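Taking this note's numbering, the leading residue of the sequence shown gets 9, the next gets one more, and so forth.
Shown next, in structure tokens, is the structure this report addresses.
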Amino acid sequence: MELKTITIENPNELNFILGHSHFIKTVEDIYEAVVCTVPDAKFGVAFCEASMECLVRYSGTDEEMIELAKKNAFELSVIIAQTEQGRGILGIIDGFSSKGIETTEDIEKRKGFLRMIGYKQ
């Protein structure tokens with residue numbers, strides 16, 4: 009195992025939440041949680057799916073933030089380390105590497121699948 013530090017692109021010093029998930033339903037759950045809490049929130053969310061088609065799943069309300077989330081999700085692996093400044097998160101490496109960003113067709117397929125198996129209404 010090789011430990012690396014990977015910089016998260018954040019050109020406008022935006023607030024962001026860094027998390028870990030691999031379940032296909034997560035992107036819709038996060039979207040719903042944000043818009044139900046702050047209906048006018050501008051955000052993007054993306055994560056690397058660790059199974060099935062291994063795509064970067066994404067959603068949001070602001071195209072620029074969605075693009076930033078997709079870019080960071082695709083390139084992001086985070087391991088906690090301690091430095092003189094402080095400490096950060098050690099992430100979990102799980103599943104397979106992403107094969108690409110989901111297409112519009114993939115989004116519809118994901119949403120249909122979640123509804124077909126009863127995880128979404």
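Even glycine gets a Cβ: it sits at the ideal position worked out from N, Cα and C.
Computed from a prediction, not measured in an experiment: that's the story for all the values here.
Between E36 and K128, the gap from beta carbon to beta carbon is short of 8 Å. A residue is called buried when at least 16 other Cβ atoms come within 10 angstroms of its Cβ; K78 meets this threshold and is buried. By the neighbour-count criterion, in which 16 or more other beta carbons inside 10 Å mark a residue as buried, C44 falls on the exposed side. In the three-state reduction of the DSSP assignment, A81 falls in the helix class. Between F51 and T69, the C-beta spacing is below 8 Å. For the pair E113 and A49, the Cα-to-Cα distance works out to about 26 Å. Look at I109 here: in three-state DSSP terms it is strand.
A straight-line Cα-Cα distance of about 22 Å links L76 and K119. When C-alpha distances from E61 are compared across T111, G126, M124, the shortest belongs to T111.
Take the alpha-carbon of N23 and the one of Y39: they are about 16 Å apart. Going by DSSP, V64 is part of the beta strand (DSSP E) stretching over 63-68. Taking a contact as a CB-CB distance under 8 Å, the pair E57 and I16 does not count as one, their CB atoms being some 19 Å apart.
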